[in-house]
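Worksheet for the structure shown next.
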Amino acid sequence: MTPILAPFPASRQRRMRQSPALRALARQNTLTVDDLIWPVFVMDGRDDETPVASMPGVVRRTVDRVAKAAVEAQSLGIPAICIFPYTAMAARTEDCAMAWSPDNLTNQTIRAIKDAAPDIAVMTDIALDPYNINGHDGFVENGEIVNDRTVDALVKMALAQAAAGADILGPSDMMDGRIGAIRAALESEGHQNVTILSYAAKYASAFYGPFRDAVGASAALTGDKKTYQMDPGNADEALRLVARDLSEGADMVMVKPGMPYLDICRQVKDAFGVPTFAYQVSGEYAMLQAAAQNGWLDGDKVMLESLLGFKRAGCDGILTYFAPAAARLLQG
Ligand code: PBG
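For the sequence shown, my numbering assigns the number 42 to the initial residue and increments by one for each residue that follows.
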């Protein structure tokens, strides 16, 4: 697109910025409540919650409290809620069997949300890290994170979540071949309508630190995730991974983290034109909140500006811990 610009003064670029009305008319991108997916942390117990120290304003909730929060999210118009379990250390094992138990925290929570707030879409996380004694997203054999045996376990996890009533499955594990394997299993088990939002371009990022505190994985993690999550220097690889996951049956794709990877969001949207999401991860939330708490930034304004940036970069929606706060501001 070649902009046609009359020479000054016929063209005065400030004319269209002079009033709220003209700015509103000319605005190319907007943020709405429809764009938000709210990640929540669930823990054992009843009618209780505990703060996550490195994520001011975020708490871990018991299943009943998550169901209540889902009712509130639904009434705010938030379209989807995403569940992450905080598993007791004793429930973490080398075989990760809890990951596909129909009664694990995630599956209990899916059913509780479906009962309490049937209109909100329920998204899950598929990866072994909340259940794995060593904090990795896949099985570890002799120090190696093994791919194919992990995919078999992820398929079992996906089927248990689909059976519990999940609407959107979120494989966040970065194993090869998992989207195709999960899609085939969903089809053959009668879950044709369950959608997959693939964490297609997930980078090995230091911005996940506070999340690993929230789910209790920081202490557990041995080594790093660089043999399966992407190298932050790569962009072409993100496009290959998105193409691969779409060809295996993903309905939607994600770029993660968000703010440091907006260029990838734009490239993915331009190349494929599919529903594209970004995850504004825990470290992004933590840094904005920390600055706001110190009085260094206006918290509400940077929250909305950062979320609008994702829309401008081509995203259809954002997973963000700010979802309820943003929804309240957007709804006036
Ligand atoms: C793990 C998972 C992670 C996040 C979502 N799923 C962390 C990791 O890969 O170590 C991070 C989310 C956040 O930082 O907010 N499967």
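C-beta: ideal position from N, C-alpha, C; glycine also.
All values reported here derive from a predicted model rather than from experimental measurement.
Going by C-alpha positions, glutamine 308 is about 25 angstroms away from methionine 164. The residue among Lys266, Ala241, Leu77 with its C-alpha nearest the C-alpha of glutamine 372 is Leu77. Ranking Leu348, Gly98, Thr103, Glu135 by CA distance to the CA of glycine 299 puts Leu348 first. For cysteine 123, the enclosing beta strand (DSSP E) begins and ends at 121–126. The stretch 219–239 makes no contact with the stretch 266–274, as fewer than three CB pairs between them are under 8 angstroms. DSSP places asparagine 188 in the coil class of the three-state scheme, outside both helix and strand.
Pairing serine 142 with alanine 201 gives a Cβ-Cβ distance under 8 angstroms. Only residues of its own chain outside the window of five on either side were considered, and among them Lys266, Lys267, Gln270 have a CB closer than 6 angstroms to the CB of alanine 245, listed in chain order.
With respect to the 8 angstroms criterion, proline 171 and threonine 103 are not classified as neighbours on the basis of their beta carbons. Setting aside the 5 residues that flank it on each side, glycine 98 is surrounded in the same chain by Gln330, each with a C-beta closer than 7 angstroms to its C-beta; the list follows chain order. Under the three-state reduction of DSSP, serine 116 is assigned to helix. In the DSSP assignment, serine 347 falls within the alpha helix (DSSP H) that extends over 340–353. Unbroken beta strand (DSSP E) stretches of 3 residues or longer found wholly inside the stretch 238–295: none. Taking the Cα of proline 120 as reference, the smallest distance to any Cα among Thr147, Pro80, Met139 is reached at Pro80. With fewer than 16 other Cβ atoms inside 10 Å of its own Cβ, asparagine 70 counts as exposed.
Here the distance from the Cβ of lysine 266 to the nearest heavy atom of ligand 1 is below 7 angstroms.
When DSSP reads this structure, tyrosine 302 sits in no beta bridge, so it has no partner. At least one heavy atom of ligand 1 falls within 7 angstroms of the beta-carbon of valine 322.
Contact annotation: alanine 194 and alanine 247 have beta-carbon atoms that are not nearer than 8 angstroms. Setting aside the 5 residues that flank it on each side, alanine 132 is surrounded in the same chain by Met139, each with a C-beta closer than 6 angstroms to its C-beta; the list follows chain order. For the stretch 141–219, the continuous beta strand (DSSP E) assignments of 3+ residues that do not extend past its boundaries occur at 162–167, 209–212, in sequence order. With a cutoff of 7 angstroms, tyrosine 127 does not count as near ligand 1, since its C-beta is closer than that to no heavy atom of the ligand. Within the model, the alpha-carbon separation for glutamate 289 versus glutamine 321 is close to 25 angstroms. Sequence-distant Cβ neighbours of methionine 215 in its own chain, meaning closer than 6 angstroms and more than five residues away, are Lys243, Tyr269, Gln270.
Here the alpha carbons of glycine 350 and serine 52 stand approximately 27 angstroms from one another.
Using a 10 angstroms sphere on the CB of aspartate 160, the tally of other CB atoms stays under 16, which defines it as exposed. Checking the DSSP bridge columns, you'll see valine 81 partnered with Ile124. Relative to ligand 1, the beta carbon of aspartate 214 is positioned inside 7 angstroms of a heavy atom. Contact annotation: the stretch 331–341 does not touch the stretch 310–320, with fewer than three C-beta pairs closer than 8 angstroms. Around alanine 276, the same chain offers Asp304, Ile305, Gln308 as residues with beta carbons nearer than 8 angstroms, after the five sequence neighbours per side are excluded.
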